[in-house]
Amino acid sequence: SSAVDLSAIASGTGGFVIGGESAWDSSGHSVSSAGDVNGDGLDDLIVGADHADPANKSAAGKSYVVFGKTNASAINLSAIASGTGGFVMNGENANDFSAFSVSSAGDVNGDGLDDLIVGAFFAGFDAYYGTGKSYVVFGKKDKVAVDLSIIASGTGGFVINGENTNDLSGRSVSSAGDVNGDGLDDLIVGAYQADPDNKSNAGKSYVVFGKTDKDAVNLSTLGTGGFVINGENADDSSGISVSSAGDVNGDGLDDLIVGAYQADPDNKSNAGKSYVVFGKTDKDAVNLSTLGTGGFVINGENADDSSGISVSSAGDVNGDGLDDLIVGAYWADP
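One point on numbering: in my numbering, the residue at position 34 of the sequence shown is 92, and numbering is uninterrupted.
Written out as structure tokens, the structure reads:
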């Protein structure tokens, strides 16, 4: 197959380009499939601009939902912000950096429309870093702008509040697929600077089960609404990346993958680890130090590779009926 030059895409050959709205917005910092948000049969897109300044709130961030389309004409996010071809989601407070992470959420509330999740890892700013928030925005057919402050008050979705100051929850967010098999899609939120069992920066990841109400979720009291995945060792930074893994083991439940890019497998400093956590119906906490039959670990190759900085389901690459995985190691030296 021939290579693709993005200059061709920008000119409308083989795809289309999405241009940012304003200088210094950093649009494209995060991107994801959005699923079919408006129910028209075409999958949609979500583009994050974490440095955008909605309503003059510096670095509150914006996320843009671009509806699927069949033509290859270029899109400017200023048009999306005005309600043409999609809609914008405006960050809640200055310096939240909402849209640092964005993802499809699957169909969390079971209404037939795919939902969205937007991470704002600096929300709740105190001293140096934030507790973090993540916003679940329910799918909708109109193009009216969404203010995440409204989501936080329980209109059109719900907010997921971080647990502790400096956890940076929402640094990574993803659909989790249907982990517990109840028919609603679940969510996973990473907090890579959390300190489980007083292990500084070991990191935590939180699985939030799908639900039909709009009540806020507090990760400090998750209880029966999901479960926590506790990092293994201090300074591992587990939860720096999180994703659904698809159904890796073929048991009918969707699985999870959590990256820990500063982990030290076999004493190889910062080689990184990625942990596959199998789907389960109970709400017991998962400790990555004792994962056992509940999943498996993927150890980085060489010191300083930082494997696990990015993780994702890969779909069924080899056609064996089991979903596969992909792990990034951005400091590796091939």
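Glycine is no exception: its CB is placed at the ideal position from the N, C-alpha and C atoms.
Q.
Would Gly214 and Ala178 be called neighbours here (beta carbons separated by less than 7 Å)?
A. no
Q) To which residues of the same chain is Trp389 closer than 7 Å at the C-beta, ignoring the five residues directly before and after it? A) Asp362, Asp363, Ser364
Q. Just curious, the beta strand (DSSP E) that Ala66 is in, first and last residue?
A. Premise fails: Ala66 lies in the alpha helix (DSSP H), 64-68, not in any beta strand (DSSP E).
Q: With a floor of 3 residues, list each beta strand (DSSP E) that falls wholly inside the stretch 234-308, ordered by position along the chain.
A: 244-249, 262-266, 284-288, 296-304
Q: Pick helix, strand or coil for Ala185, following the three-state DSSP scheme.
A: Per-residue confidence for Ala185 stands at a pLDDT of 48, beneath the threshold of 50, marking its modelled position as unreliable; no derived number is given.
**Q.** Beta-carbon proximity list for Gly164, same chain, < 6 Å, skipping 5 on both sides
**A.** Within the same chain, and ignoring the five residues on either side of Gly164 in sequence, the residues whose Cβ sits closer than 6 Å to its Cβ are Ser233, Asp243.
Q: Would you kindly check if the distance between the Cβ of Ala274 and the Cβ of Val202 is under 7 Å?
A: no
**Q.** Residue(s) in a DSSP beta bridge with Lys191
**A.** Ala178, Asn219
(Q) At 3 residues or longer, what runs of the beta strand (DSSP E) sit wholly inside the stretch 131-172? (A) 144-148, 159-164
Q) From the DSSP output, which residues share a beta bridge with Asp314? A) In the sequence as displayed, the identity of residue 314 is Leu instead of Asp. Bridge partners of Leu314: Ser302, Val335.
Q. Who are the near neighbours of Pro323 in its chain, counting only those whose CB is closer than 7 Å to its CB and skipping five residues on each side?
A. Ala329, Lys331, Asn357, Gly358
Q) Does the Cβ-Cβ distance between Ala157 and Val146 come in under 7 Å? A) no
Q. Distance, Cα to Cα, Gly235 vs Phe267?
A. 10 Å
**Q.** Start and end residues, beta strand (DSSP E) containing Leu383
**A.** 382-387
Q | Val105 versus Leu174, Glu150, Ile246, residue with shortest Cα-Cα distance | A | Leu174
Q) If you check the beta carbons only, do Asn134 and Gly77 fall under 7 Å apart? A) Yes.
Q: In angstroms with no decimal places, state the Cα-to-Cα distance between Ile208 and Pro392.
A: 47 Å
Q: Apply the 10 Å Cβ neighbour rule to Val62 and answer buried if 16 or more other Cβ atoms are within range, or exposed otherwise.
A: exposed
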